[in-house]
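Single-structure report; data block below.
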Amino acid sequence: MAGIALPATHARAHRHRRYRDGVTADPLAPLLDLADIATAVERARDRFDGALGHRALRRHGGQVAAEVSLRSAVASAGLEGHDHERETVRAGTVTEPVLQGALRVAGALPGLSELWPKAPRQVLAKLHVLAAREVVTEAELGRPIDDPVVAARLDGLATLVAGGTQVTPLVLAAVVHGELLNLRPFAGPSGVVARGAARLVLLSSGFDPRGLLAVDVGHREREPEYVGAAGAFATGTPDGLRSWLRHYMSAVEVGADQLTAIGDEILAA
Numbered sequence: 143m144a145g146i147a148l149p150a151t152h153a154r155a156h157r158h159r160r161y162r163d164g165v166t167a168d169p170l171a172p173l174l175d176l177a178d179i180a181t182a183v184e185r186a187r188d189r190f191d192g193a194l195g196h197r198a199l200r201r202h203g204g205q206v207a208a209e210v211s212l213r214s215a216v217a218s219a220g221l222e223g224h225d226h227e228r229e230t231v232r233a234g235t236v237t238e239p240v241l242q243g244a245l246r247v248a249g250a251l252p253g254l255s256e257l258w259p260k261a262p263r264q265v266l267a268k269l270h271v272l273a274a275r276e277v278v279t280e281a282e283l284g285r286p287i288d289d290p291v292v293a294a295r296l297d298g299l300a301t302l303v304a305g306g307t308q309v310t311p312l313v314l315a316a317v318v319h320g321e322l323l324n325l326r327p328f329a330g331p332s333g334v335v336a337r338g339a340a341r342l343v344l345l346s347s348g349f350d351p352r353g354l355l356a357v358d359v360g361h362r363e364r365e366p367e368y369v370g371a372a373g374a375f376a377t378g379t380p381d382g383l384r385s386w387l388r389h390y391m392s393a394v395e396v397g398a399d400q401l402t403a404i405g406d407e408i409l410a411a
């Protein structure tokens, strides 16, 4: 496993650039040196910026955000193997626990965004309680698995979230997502927690403060790539990290397109 604070494959490069003017180098900065990643990040950001200009957001922003939340939850549950038709979910007739957990997580994110960078371990536990209720035992809710390696890597992840990196929130969100998918630190639908945490990075950083980016829909639409790239990330190799980051930025572009589609649908209704 690659250490989250610094991907193992970049350790040598990091040692040579560790200090610059007396300041410790950013541990995630080397990720932007991977081929095509800086360009992919810029393209994803531009796509989302363009979608934010949609006319529907001027008067129907809350409605758009609610629809993004719904679609994100349905997509996240689907990625855990629990597929449900969106309109059936909208009607409130689906009681399946993983889907209900994904809905609870999606609904709670705005209220957790301020606490996230201050107490990420606490927020992760809360996300797991929301996601895994009626799926795992009461004793397991909010409790990471008892593994010293997992504990150490969660500490490293928390350090990054709490200000340990200055890379763009898109890259930090991708790293948080990939690391939590790799670690699976909680019993049950740990992927729902990972996707919720990644969205929290975007909300809390101000990149997407209204929760309008349906990136989980992008993961769902590109699910084979999502699964393969997550596995590649776990290798910690430059190619593996690049594969995951490229996938994540592609999912952001799909999420931005979803925002445009949702806006169009609302204006046409």
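Numbered by my numbering, the letters in the sequence shown go through residues 143 to 411 in order.
Positions of the beta carbon are idealized from the N, C-alpha and C atoms, including for glycine.
None of the values given here were measured: they were computed from a predicted structure.
Own chain, CB closer than 7 Å to residue i, minus 5 neighbours either side, in chain order
i: T307; result: D168, P169, L170 and L314
i: A186; result: L312, M391, V394 and E395
i: V277; result: P239, V240, G243, G330 and P331
Contacts around residue i, its chain only, beta-carbon distance under 8 Å, and the 5 residues preceding and following it disregarded
i: L199; result: V206, L354 and G405
i: L283; result: H270, V271, A274 and R275
i: A411; result: none
i: A177; result: R384
i: R197; result: G405 and L409
i: R189; result: V394, E395, A398 and D399
i: H156; result: Low confidence applies here, because H156 scores a pLDDT of 39, under 50, leaving its location unreliable; read the following figure in that light. L148, A167, P169 and P172.
i: A403; result: none
Given residue i as reference, the closest of the options once Cα atoms are compared
i: R362; options: A393, L173 and P286; result: A393
i: G249; options: T230, V334, A300 and L299; result: V334
i: R213; options: A411, A410 and A398; result: A398
i: A374; options: E222, G204, L194 and L323; result: L323
i: Q242; options: L345, Q264, R352 and A219; result: A219
i: S347; options: E367, V247 and L254; result: L254
i: S332; options: E229, L221, R352 and E395; result: L221
i: H224; options: A244, A376 and R295; result: A244
i: A356; options: G195, A208, D188 and A182; result: A208
i: E184; options: S211, L312 and E238; result: L312
i: P239; options: P252, V216 and E229; result: V216
i: G360; options: M391, G370 and V343; result: M391
i: R263; options: G195, P286 and A371; result: P286
i: P327; options: R295, G305, F349 and L302; result: R295
Same chain, Cβ closer than 6 Å to residue i, neighbours up to 5 away in sequence not counted
i: L174; result: A180
i: E407; result: none
i: L401; result: A193 and L354
i: H202; result: I408
i: D163; result: Note on D163: pLDDT 44, under 50, position unreliable in the model; the coordinate value appears next. Hits under 6 Å: none found.
Residue-level contact to chain D via CB, residue i, 7 Å cutoff
i: A198; result: In the structure shown, chain D does not exist; there is a single protein chain.
Validate contact between the stretch 246–262 and the stretch 334–344 using beta carbons, cut 8 Å, 3 pairs: For the pair of segments examined, the stretch 246–262 was found to touch the stretch 334–344: the number of CB pairs separated by less than 8 Å reaches three.
Secondary structure, alpha helix (DSSP H): runs of 4+ residues fully inside the stretch 231–295: 239–254 and 262–274
Are at least three pairs of beta-carbons, each pair with one atom in the stretch 279–299 and one in the stretch 364–383, less than 8 Å apart? no
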